[in-house]
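Undergrad: Numbering (our numbering), first residue to last: 32 to 506.
Idealized CB from N, CA, C, for every residue including glycine.
As the structure is a prediction and not an experimental result, all values here were calculated from the model.
(1) Report back the beta-carbon spacing between residue 25 and residue 284 to the nearest angstrom; my notes put them in contact at under 8 angstroms.
(2) Rounded to the nearest angstrom, how far is the Cβ of residue 357 from that of residue 399, given a contact under 8 angstroms?
(3) In terms of residues, what are the limits of the alpha helix (DSSP H) holding residue 218?
(4) Run through the DSSP bridge pairs and tell me what residue 249 is partnered with.
(5) On the CB-based measure, 16 or more other CB atoms within 10 Å of its CB, does residue 314 come out buried or exposed?
(6) Taking the alpha carbon of residue 247 as the point to measure from, which residue in 226, 230, 234 and 272 has its own alpha carbon closest?
(7) Give the straight-line distance between the Cα atoms of residue 507 and residue 81, rounded to the nearest whole angstrom.
(8) How is residue 467 classed by DSSP in three states: helix, strand or coil?
(9) Roughly how far, in whole angstroms, is the beta-carbon of residue 194 from the beta-carbon of residue 169, given that I think they are within contact range, below 8 angstroms?
(10) Do residue 388 and residue 437 have their beta-carbon atoms positioned less than 7 angstroms apart in this structure?
(11) Run the CB neighbour count on residue 233, radius 10 Å, all protein chains shown included, and call it buried at 16 or more, exposed below.
(12) Take residue 111 and list the residues in its own chain whose beta-carbon comes closer than 6 angstroms to its own, dropping the five residues that flank it on each side.
(13) For residue 486, which residues of its own chain have a beta-carbon under 6 angstroms away from its beta-carbon, when the five flanking residues on both sides are left out?
(14) Which runs of the alpha helix (DSSP H), 4 residues or longer, sit entirely within the region 390–431?
(15) Determine which residues share a DSSP beta bridge with residue 316 and list them.
(16) DSSP beta-bridge partners for residue 195?
(17) On the criterion of 16 or more Cβ atoms from any shown chain inside 10 Å, does residue 275 qualify as buried, or is it exposed?
(18) Can you tell me whether residue 377 is buried or exposed? The criterion is at least 16 other CB atoms within 10 Å of its CB, across all chains shown.
(19) Do residue 259 and residue 303 have their beta-carbon atoms positioned less than 7 angstroms apart in this structure?
(20) Excluding five sequence neighbours on each side, which residues of the same chain lie with their C-beta closer than 6 angstroms to the C-beta of residue 301?
(21) Helix, strand or coil, according to DSSP, for residue 124 in the structure here?
(22) Comparing alpha-carbon positions, which option in 43, 68 and 396 lies nearest residue 359?
(23) Would you check if there are 3 or more beta carbon pairs closer than 8 angstroms linking the region 174–194 to the region 211–225?
(24) Report the rounded CA-to-CA distance for residue 150 versus residue 103, giving the unit in angstroms.
(25) Just list the alpha helix (DSSP H) runs in the region 37–89, keeping only unbroken ones of 4 residues or longer that don't cross its boundaries, in chain order.
(26) Return the chain-ordered list of same chain residues with a C-beta closer than 6 angstroms to the C-beta of residue 424, the five sequence neighbours on each side being excluded.
(27) Does DSSP classify residue 233 as helix, strand or coil?
(28) Within 10 angstroms of its Cβ, does residue 362 collect 16 or more other Cβ (buried), or is it exposed?
(29) For residue 332, report the span of its alpha helix (DSSP H) as first-last.
(30) Applying the 10 Å Cβ sphere with the 16-neighbour rule, what's the burial state of residue 137?
Below, the structure written as C-alpha cells:
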C-alpha cells in the first residue's frame, strides 16, 4: 500500500533527478502521483523537503508535464508544501508553463494550480503578490473563476478599464519569465538546495500601462470613457477611489490633472452605479469631502461640489449630511466657484426634498435663504450656461424647505418679505430644467434619481434600487 513509501521519499524523489534516464524518472513520478492520494504520505513528503526534484521536471521532462501538475495539485493541499514550493521556484516554473507552453491543457492545469495556491490561507496572499509582479491581477481572478478563460485572456488583446494587454506586454512578460526560469533551472541543477527569490530591484514587467493613472486596479482614463463597464470589484474600487480623492482634497496644491481625473472618475462611478453611494457614509469620507468646500485652493471646492452633487441624490448620504456641517461649506464653495452654482443648487434641491429638518436648521443658521433669493435676482449666475434652470432648482429647494413641519414657518417668514419670491413662487419651473443633464431627477416620482438622462448604456445594479417613500420626493 501507499503507506509503505513513508520514510522513503528522499530516495523516491531522488530518482526524479536521474537526468538522461527518462523511463526511470517517469516511473518514479507515477509512484509519487499515486501516493499523493494518501494524506499521511503527503504529510511525510512535506517533512522530507524534496520538492525541487519534482519542480525541475516541468522543464526537463516535457512529456510528463501534465502528470507533474496533477501531482503538485494534490500536494498543495498541504500548506507546508505550498511554502516549500515557493522557495524552490514553483512560481517561476509554473509561470513559464502558463505563458510559454504550447499545450492548452498544460496551461489551463497550471492556471488551476495557481488558483489553488492563492487560496491557501497562510501562503496564498504572498503567492498572489508575487504573481502580480508578472501578470495583472485580472489573471489571478480569471484563473480562480475559469482557468481556460485565463489562457484566452492572456492570448488576446485588451484595452478596458481593468486590463491593458497586447502583443508587446505579452512578449515582454513571456520572455522575462522564460529567461528567469532557465537561469534558476541551471542553478538548481547544480545545487538542489538553492532557493528562488525575486531580485530586490525587480519591478512589474507588463509595461503597456505606463503613464496611465490607475486606482484600485482600474485605469481611470478608460473607465471615464466606458463608465458602464461591469467592474469585477466595484466596492473595492469605490474605497480606493475615495481614499485617493480625499487624500488629494487635503493637499494644498494637488496635481491639477490628477485631481480632475479622480473627480471625474468618482462622478462617473456614482452615475453608472447609483447604489454604491449607500456605501459612502459608513466609509467615513463624507466629512472630508464636505470640509474640502472651505479650501483656499479653489480647484478643491469645485471637485468636492461635483461629488456632493452626485451624493445628494442618495437618501443615506443626505441623512449623514444632516448630522455633519453641510450647508455652510456648500455655500462657501458656491461663493468661491460661481461656475459651479448650478450643480450646487441642484444638490440643494435634492437634499431638501429628503426632508431632513437638521439641514433646514443649518440653512437658517447659515443664512442660505437670503443667499438663494439673491441668486434668484440673477446676482451670481452670470457664469452659468442656463441660469433659468438654476433658478428653477432654487425655487424647488426653497419650497421644500418651507414645507418643513418644524422650521417651515421661519423659512416662509423670510420668503414673505422678498419681492423676488412673490414673482417666482407660483411659476411652473419644470420646463426650464428639461435641458439639464440630470433632468430626470426633477420630473418623475420618488425613484426618478435612477433614471438619469444621457446614459443609455448604464450598468444595471444587481438589486432593484430602494424605493423612496418620502412625501417630499413626489414631484
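TA: Answer, in terms of the structure:
(1) This structure leaves residue 25 out entirely; the chain is present only between 32 and 506.
(2) Not quite, the Cβ-Cβ distance comes to about 11 angstroms (not below 8 angstroms), so this is no contact.
(3) 198–221
(4) 246
(5) exposed
(6) 272
(7) Only positions 32 to 506 of the chain appear in the structure, and residue 507 is not among them; the question remains open.
(8) Low confidence applies here, because residue 467 scores a pLDDT of 41, under 50, leaving its location unreliable; read the following figure in that light. Residue state, collapsed to three classes: coil.
(9) 5 angstroms
(10) yes
(11) exposed
(12) 77
(13) Because residue 486 carries a pLDDT of 34, less than 50, the predicted location of this residue cannot be relied on, and the following value inherits that uncertainty. Answer for residue 486: no residue qualifies.
(14) 399–407
(15) According to DSSP, residue 316 bridges with nothing at all.
(16) 190
(17) buried
(18) buried
(19) yes
(20) 308 and 341
(21) helix
(22) 396
(23) no
(24) 15 angstroms
(25) 40–45, 53–66 and 70–79
(26) 376, 377 and 380
(27) coil
(28) buried
(29) 330–342
(30) buried
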